[in-house]
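Undergrad: Let me begin by handing over the structure; questions about it come next.
Protein chains: 2
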Amino acid sequence: MFKAPLSYLPGPTAVPDSILKARTGPVLDEQALYKEVTEAIQLILNTKSSVHVLAGEGMLALDSVSCSLIEPGDNVLIISNGVFGDWFLDLVSKYTKSHTIFQCDPTCGVSAQALEEFIVAQKQQGIFFKLATLVHCDTPSGVLNDIAALVPVLSRHSILSVVDMVASSFGVPINIDSCGIDVALMGSQKALSCPSGLSMLAISDKAWNTMQSRRTPIPSYYCNLLLFRNAPTTFPYTISSHDLLGLREALHLLMEEGLEHVYRRHVRVAEAVRYAVHKSGLTLYLSGDYSPTITAFHVPQGTTSEAILQTMLAEYGIRFSGSLGSLDKKVMRIGHMGFNSNVQVTLYVLKCLTRTLKSHGVCLKGDLGEHFFERYYSS
Amino acid sequence: MFKAPLSYLPGPTAVPDSILKARTGPVLDEQALYKEVTEAIQLILNTKSSVHVLAGEGMLALDSVSCSLIEPGDNVLIISNGVFGDWFLDLVSKYTKSHTIFQCDPTCGVSAQALEEFIVAQKQQGIFFKLATLVHCDTPSGVLNDIAALVPVLSRHSILSVVDMVASSFGVPINIDSCGIDVALMGSQKALSCPSGLSMLAISDKAWNTMQSRRTPIPSYYCNLLLFRNAPTTFPYTISSHDLLGLREALHLLMEEGLEHVYRRHVRVAEAVRYAVHKSGLTLYLSGDYSPTITAFHVPQGTTSEAILQTMLAEYGIRFSGSLGSLDKKVMRIGHMGFNSNVQVTLYVLKCLTRTLKSHGVCLKGDLGEHFFERYYSS
Numbered sequence: 063m064f065k066a067p068l069s070y071l072p073g074p075t076a077v078p079d080s081i082l083k084a085r086t087g088p089v090l091d092e093q094a095l096y097k098e099v100t101e102a103i104q105l106i107l108n109t110k111s112s113v114h115v116l117a118g119e120g121m122l123a124l125d126s127v128s129c130s131l132i133e134p135g136d137n138v139l140i141i142s143n144g145v146f147g148d149w150f151l152d153l154v155s156k157y158t159k160s161h162t163i164f165q166c167d168p169t170c171g172v173s174a175q176a177l178e179e180f181i182v183a184q185k186q187q188g189i190f191f192k193l194a195t196l197v198h199c200d201t202p203s204g205v206l207n208d209i210a211a212l213v214p215v216l217s218r219h220s221i222l223s224v225v226d227m228v229a230s231s232f233g234v235p236i237n238i239d240s241c242g243i244d245v246a247l248m249g250s251q252k253a254l255s256c257p258s259g260l261s262m263l264a265i266s267d268k269a270w271n272t273m274q275s276r277r278t279p280i281p282s283y284y285c286n287l288l289l290f291r292n293a294p295t296t297f298p299y300t301i302s303s304h305d306l307l308g309l310r311e312a313l314h315l316l317m318e319e320g321l322e323h324v325y326r327r328h329v330r331v332a333e334a335v336r337y338a339v340h341k342s343g344l345t346l347y348l349s350g351d352y353s354p355t356i357t358a359f360h361v362p363q364g365t366t367s368e369a370i371l372q373t374m375l376a377e378y379g380i381r382f383s384g385s386l387g388s389l390d391k392k393v394m395r396i397g398h399m400g401f402n403s404n405v406q407v408t409l410y411v412l413k414c415l416t417r418t419l420k421s422h423g424v425c426l427k428g429d430l431g432e433h434f435f436e437r438y439y440s441s
Numbered sequence: 063m064f065k066a067p068l069s070y071l072p073g074p075t076a077v078p079d080s081i082l083k084a085r086t087g088p089v090l091d092e093q094a095l096y097k098e099v100t101e102a103i104q105l106i107l108n109t110k111s112s113v114h115v116l117a118g119e120g121m122l123a124l125d126s127v128s129c130s131l132i133e134p135g136d137n138v139l140i141i142s143n144g145v146f147g148d149w150f151l152d153l154v155s156k157y158t159k160s161h162t163i164f165q166c167d168p169t170c171g172v173s174a175q176a177l178e179e180f181i182v183a184q185k186q187q188g189i190f191f192k193l194a195t196l197v198h199c200d201t202p203s204g205v206l207n208d209i210a211a212l213v214p215v216l217s218r219h220s221i222l223s224v225v226d227m228v229a230s231s232f233g234v235p236i237n238i239d240s241c242g243i244d245v246a247l248m249g250s251q252k253a254l255s256c257p258s259g260l261s262m263l264a265i266s267d268k269a270w271n272t273m274q275s276r277r278t279p280i281p282s283y284y285c286n287l288l289l290f291r292n293a294p295t296t297f298p299y300t301i302s303s304h305d306l307l308g309l310r311e312a313l314h315l316l317m318e319e320g321l322e323h324v325y326r327r328h329v330r331v332a333e334a335v336r337y338a339v340h341k342s343g344l345t346l347y348l349s350g351d352y353s354p355t356i357t358a359f360h361v362p363q364g365t366t367s368e369a370i371l372q373t374m375l376a377e378y379g380i381r382f383s384g385s386l387g388s389l390d391k392k393v394m395r396i397g398h399m400g401f402n403s404n405v406q407v408t409l410y411v412l413k414c415l416t417r418t419l420k421s422h423g424v425c426l427k428g429d430l431g432e433h434f435f436e437r438y439y440s441s
């Protein structure tokens, strides 16, 4: 029997059959479908903010919010403790030259106290920020920032918060409104386990008002979020209804399982994976603040990221993942998110990883899969 | 048996089951898949230009090319004989304030001679255009411009040509290279009969060089075409591989049927539809230059666009289409493109339209479906 490769990446993940099948279904009423999907996301993420679904990959959400909110001359704070945190600079700098990076230790979460002190110090120098960008889970390292502590710091200083939660949402409990997040950014191919191609945003009234009271026009059509203000009554382009059917099924699967169970499953798998990585003698990249969706570890001495990826695919049919940016070739990632966050598939992947590493001369203490399995069932 | 509505629109069309099924298939190698799809498009559209597939609806292609090619101060010519032609002004004006509309009769194709005279007259006033936008088939009216005559006029005057062929490509024969088109824009949900969500571009070396020799940076991330220059080796974001599987199947269906047959089928259905519209006493919107993909007719006196749409959906389960912009509420459209360009489904739709119009008090000479059927089989 032919077997397709298993996508065990920190996105795109393996897609459940029922989601793929849902995408073949008939489209009865796009407006009702859009409404149903966005209301489900509001419910899951605990928000009264309006939710919108754009036709485009997660990067579209990041670029659209930068384009729609930022005007030339606006002061933007980029809070970064990782590759994706840094990448916001690329987006922001397309729309304003006034930006400041608050660069933090990439091996753990951003400190709320340090952020507060930084903002106060900037104020003393006469620098006031209109908005700040923050990554909830920085995908290349899997660090999880404590948005419940960090976003209120921004709110206290009247700074609009833009939070990239592409790699955390739907795998980690999030309460957008109690955190006070102004714009939350999501993608379809991470913990939702849909195919790539949709990005979702939750946008607060304050953020909408900021867009609507701009002095200058939004310099794009496709990235202009204001064109979605009246959705689902009107859309700025033809909506990907078949993709929305898949998204609806993914949200339905979450609700059916129960959100508490979904989140516990992610935590339990992640904890056992970290235990296995550590127990086997590999080195976790982070010192703490681990996301339940991704585990990053240093490429062991004596082998390479490429060699591991190649063997995992060729010998075991697993698409495995290195990292990006400054972590490229230095760090490997176990993407236990969404559909892949389960004991069965993770056991298999870790056993294959063990054989792969051993075949490349890495000396491990025991078997990653066995450590994982034992820990999972004793936790 | 429950029956979903039939999408008989000028996009999104009904999607063949095999395309929906293909989208559930395993993704083996994104790079190979992307290469296969883009090479098939090159073959079908007769071009050596590089072809790229973006994750986003057709409007993304239009906005991306405007954003990537146009710099502040660039002189742009907008050639328009329709609603979508005019809409290019919205896109272009985001990137330069120097633009000129060459406004033509909306009820027939743009004249190559008139275009030549206009460009010469502009030159005499010291106005030289860097690029021009042109719509091959203007979707709201279905007018088909003669790109084989018009684009060479632009080339002779060293004006880069950007042609929106979203509503014509894959239903009408196109030879990009013999026309000399610099950038051709396409979408997935028109004559390809895929779900919405992908846009495709064919970009000439001259257009790439223009982008690469800009004085100012491209003011967007998601709309920056240069980030696709090295695809499929690298992509600027996660590619919608499942959507590409559907696109591959759609292209396969075209090749399997044979392009000549596909184009003949479109012409034959369109000609018989126009005959039926005219014969029944309805008034075609255009005086000539009809696209084989869409037929537009005036809303008959005594009824409304909304009433027709509502009855078509409620009584017969057909999503039918009015028009857009200045033609909204004035014009109805029969979207015989892609999968819907066949005698069986079109006969059914026209018979339902006949009953609908009669139920709203419109006096018709005979039955649209019967006229269509007779003409189709006597042609």
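Respectively, the protein sequence lines represent chains V and W.
Counting in the working numbering, the first sequence runs from 63 upward without gaps.
Counting in the working numbering, the second sequence runs from 63 upward without gaps.
No residue lacks a Cβ here, since even glycine has one placed at the ideal position from N, Cα and C.
Since this is a predicted model, take the numbers as computed values, not measurements.
(1) Decide yes or no for the touch test of the segment 227-236 of chain W against the segment 195-202 of chain W: beta carbon pairs closer than 8 Å, at least 3 of them.
(2) Does any C-beta atom of chain V lie closer than 9 Å to the C-beta of W/V245?
(3) Check the Cβ of V/I301 against every Cβ in chain W and list those closer than 7 Å, keeping chain order.
(4) Would you say W/S223 and W/V205 are within 9 Å of each other, going by their C-beta atoms?
(5) Going by the beta-carbon positions, is the gap between W/F359 and W/V393 smaller than 9 Å?
(6) Measuring straight from C-alpha to C-alpha, what distance separates V/T366 and W/I181?
(7) Under 9 Å, Cβ to Cβ, is there at least one residue of chain W near V/T355?
(8) Which residues in chain V have a C-beta closer than 9 Å to the C-beta of W/Y70? List them in chain order.
(9) For the candidate residues V/S342, V/T272, V/I356, whose alpha-carbon lies nearest to that of V/V127?
(10) Check this for me: beta carbons of V/S250 and V/D208, under 9 Å apart or not?
(11) If you follow the alpha helix (DSSP H) that W/T373 is part of, which residue opens it and which one closes it?
(12) Return no unless some Cβ of chain V is closer than 9 Å to the Cβ of W/T86.
(13) Between the C-alpha atoms of V/V132 and V/P362, what's the straight-line distance to the nearest angstrom?
(14) Taking Cβ-Cβ distances shorter than 7 Å, what residues in chain V pair up with W/S230?
(15) Taking buried to mean at least 16 other C-beta atoms within 10 Å of its own C-beta, is W/G73 buried or exposed?
(16) Compute the Euclidean distance between the alpha carbons of W/L90 and W/S303, then round it to the nearest angstrom.
(17) Kindly indicate which residue of W/E98, W/V145, W/S203 has the alpha-carbon position closest to the one of W/P294.
(18) Please identify, using Cβ separations under 7 Å, the residues of the segment 151-167 of chain W that lie next to chain V, in order along the chain.
(19) Would you mind working out which of W/I380, W/D390, W/Y439 sits nearest W/T416, comparing C-alpha positions?
(20) Can you tell me where the beta strand (DSSP E) with W/F164 in it begins and where it stops?
(21) Based on the DSSP output, what are the partners of V/M262 in its beta bridges?
(22) Out of W/L254, W/Y96, W/Y70, point me to the one whose CA is closest to W/T300's CA.
(23) Does the separation of the CB atoms of V/A253 and V/I221 fall below 9 Å?
(24) Compile a chain-ordered list of the residues in the segment 370-381 of chain V whose CB is closer than 7 Å to at least one CB of chain W.
(25) Ordered along the chain, which non-local residues of its own chain (more than five positions away) have a Cβ less than 8 Å from that of V/M374?
(26) At a Cβ threshold of 9 Å, is V/V335 touching chain W?
(27) Could you tell me which uninterrupted alpha helix (DSSP H) segments, each at least 4 residues in length, are contained entirely in the segment 69-95 of chain W, listed from first to last along the chain?
(28) Can you grab the Cα-Cα spacing for the pair W/N237 / W/E178, in whole Å?
(29) One question on the structure: do V/G233 and V/G400 come within less than 9 Å of each other, judged by their Cβ atoms?
(30) I believe V/L430 touches V/S342 by the beta-carbon criterion, under 8 Å. Please report the beta-carbon distance rounded to the nearest angstrom.
(31) In chain order, what residues of the same chain lie with their CB nearer than 7 Å to the CB of W/H433, ignoring the 5 residues before and after it?
(32) Could you spell out the range, first to last residue, of the alpha helix (DSSP H) harbouring W/D226?
(33) For W/Y352, which of helix, strand or coil comes out of DSSP?
TA: According to the data block:
(1) yes
(2) In the second sequence, residue 245 of chain W corresponds to position 183, counting from 1. Not an interface residue.
(3) Along the first sequence, one-based indexing puts residue 301 of chain V at 239. Those within 7 Å of V/I301 in chain W are S258.
(4) The residue labelled residue 223 of chain W in the question sits at position 161 within the second sequence. The residue labelled residue 205 of chain W in the question sits at position 143 within the second sequence. Their beta carbons are not under 9 Å apart, which means W/S223 does not touch W/V205 by this criterion.
(5) Numbered from 1 along the second sequence, position 297 holds the residue referred to as residue 359 of chain W. Numbered from 1 along the second sequence, position 331 holds the residue referred to as residue 393 of chain W. Their beta carbons are under 9 Å apart, which means W/F359 touches W/V393 by this criterion.
(6) Locating residue 366 of chain V in the first sequence gives position 304, counting from the first residue. Locating residue 181 of chain W in the second sequence gives position 119, counting from the first residue. Cα-Cα distance, rounded: 59 Å.
(7) Locating residue 355 of chain V in the first sequence gives position 293, counting from the first residue. V/T355 does not count as touching chain W.
(8) As a first step, residue 70 of chain W must be located in the second sequence, where it is residue number 8. Residues of chain V passing the Cβ test: none, with the nearest at roughly 13 Å.
(9) As a first step, residue 127 of chain V is located in the first sequence; it is residue number 65 there, counting from the start. The shortest Cα separation from V/V127 among V/S342, V/T272, V/I356 belongs to V/T272.
(10) Residue 250 of chain V sits at position 188 when you count from the first residue of the first sequence. Residue 208 of chain V sits at position 146 when you count from the first residue of the first sequence. No, the Cβ-Cβ distance between V/S250 and V/D208 is not below 9 Å.
(11) Locating residue 373 of chain W in the second sequence gives position 311, where the first residue counts as 1. It spans 367-378 - the alpha helix (DSSP H) in which W/T373 sits, taken as one unbroken run.
(12) Against the second sequence, residue 86 of chain W aligns to sequence position 24. Answer yes: the Cβ-Cβ gap between W/T86 and chain V drops below 9 Å somewhere.
(13) The residue given as residue 132 of chain V occupies position 70 in the first sequence. The residue given as residue 362 of chain V occupies position 300 in the first sequence. According to the sequence displayed, residue 132 of chain V carries Ile and not Val. Taking the straight line joining both Cα atoms gives about 42 Å.
(14) Residue 230 of chain W sits at position 168 when you count from the first residue of the second sequence. Within 7 Å Cβ-Cβ: nothing; W/S230 doesn't reach chain V, min ~16 Å.
(15) Taking the first residue of the second sequence as 1, we reach residue 73 of chain W at position 11. When all chains shown are included, W/G73 counts as buried.
(16) Residue numbering aside, residue 90 of chain W sits at position 28 when the second sequence is read from its first letter. Residue numbering aside, residue 303 of chain W sits at position 241 when the second sequence is read from its first letter. When rounded, the distance between both Cα atoms is 9 Å.
(17) Sequence index remark: in the second sequence, residue 294 of chain W carries index 232 (1-based). Nearest C-alpha to W/P294: W/E98.
(18) D152, L153, K156
(19) To locate residue 416 of chain W, count along the second sequence from 1; it is residue 354. It is W/I380.
(20) Taking the second sequence and counting its residues from 1, one reaches residue 164 of chain W at position 102. That run of the beta strand (DSSP E) goes 161-165.
(21) Within the first sequence, residue 262 of chain V is the residue found at index 200, counting from 1. According to DSSP, which records beta bridges pairwise, V/M262 is partnered with V/V115, V/M248.
(22) As a first step, residue 300 of chain W is located in the second sequence; it is residue number 238 there, counting from the start. Closest by alpha carbon: W/Y96.
(23) As a working note, residue 253 of chain V is residue 191 in the first sequence. As a working note, residue 221 of chain V is residue 159 in the first sequence. Going by C-beta atoms, V/A253 is not nearer than 9 Å to V/I221.
(24) none
(25) Along the first sequence, one-based indexing puts residue 374 of chain V at 312. Around V/M374: I380, R381, F382, C414, L415, T418.
(26) What you label residue 335 of chain V is simply residue 273 of the first sequence in a count that begins at 1. Chain W contact via Cβ: absent.
(27) 79-84
(28) Within the second sequence, residue 237 of chain W is the residue found at index 175, counting from 1. Within the second sequence, residue 178 of chain W is the residue found at index 116, counting from 1. One C-alpha to the other measures close to 21 Å.
(29) Translated into positions along the first sequence, residue 233 of chain V becomes position 171. Translated into positions along the first sequence, residue 400 of chain V becomes position 338. Yes.
(30) Counting from one through the first sequence, the residue named residue 430 of chain V turns up at place 368. Counting from one through the first sequence, the residue named residue 342 of chain V turns up at place 280. Sure, about 5 Å apart at Cβ, within 8 Å.
(31) What you label residue 433 of chain W is simply residue 371 of the second sequence in a count that begins at 1. Once the five neighbours on either side are set aside, the close Cβ partners of W/H433 are Y337, A338, K341, S342.
(32) Taking the second sequence and counting its residues from 1, the one referred to as residue 226 of chain W is at position 164. Note, W/D226: premise wrong, no alpha helix (DSSP H); beta strand (DSSP E) at 222-226.
(33) The residue labelled residue 352 of chain W in the question sits at position 290 within the second sequence. Strand.
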